[in-house]
Amino acid sequence: MADRQAQIEYVRKWRKENADRVKTYQRTRLAWMREGNVTSDQLRRLYGRSKGRCVYCGARVTCRFSPSDPRGFDHKKPRATGGRHTVRNMVVCCLQCNIKKHKNEVWQ
Ligand SMILES: [Zn+2]
């Protein structure tokens, strides 16, 4: 319990000390999201086509159909490699696969 509390404190402190970096990150991310033209209808259709399951492992995914914060979706081609925030570049993806995928990107 104490460890968890310490962790939360650490993150809070880091965010405070690096407020500029956090702000820049959020701004860049938002600008990128706006550049795309994903609508929540498109996300819902994509979700329906995938039957609400992760394309990688088939697990049921709970999604949030918010164009600017689409939880439960993944960009096939990540932003870092020039992927765009459009529905064509998106798939339903569970959190576990998302984390795994991003780890691979970092480490390979
Ligand atoms: Zn998965």
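Read left to right, the sequence shown gives residues 195 to 302 (this note's numbering). Note that beta-carbon positions come from the ideal geometry of N, C-alpha and C, so glycine has one too. As the structure is a computational prediction, the values presented were derived from the model and not from experiment.
- R254 is bridged by DSSP to R247.
- In the three-state reduction of the DSSP assignment, D197 falls in the helix class.
- Per DSSP, D263 lies in no alpha helix (DSSP H) and is assigned neither H nor E.
- In the DSSP annotation of this structure, V216 is not part of any beta strand (DSSP E); the continuous alpha helix (DSSP H) holding it starts and ends at 213-229.
- Contact check for T233 and P261: beta-carbon distance about 6 Å, within the 8 Å limit, so the pair qualifies.
- For L240 against M284, the beta-carbon gap comes to about 6 Å, under 8 Å, which counts as contact.
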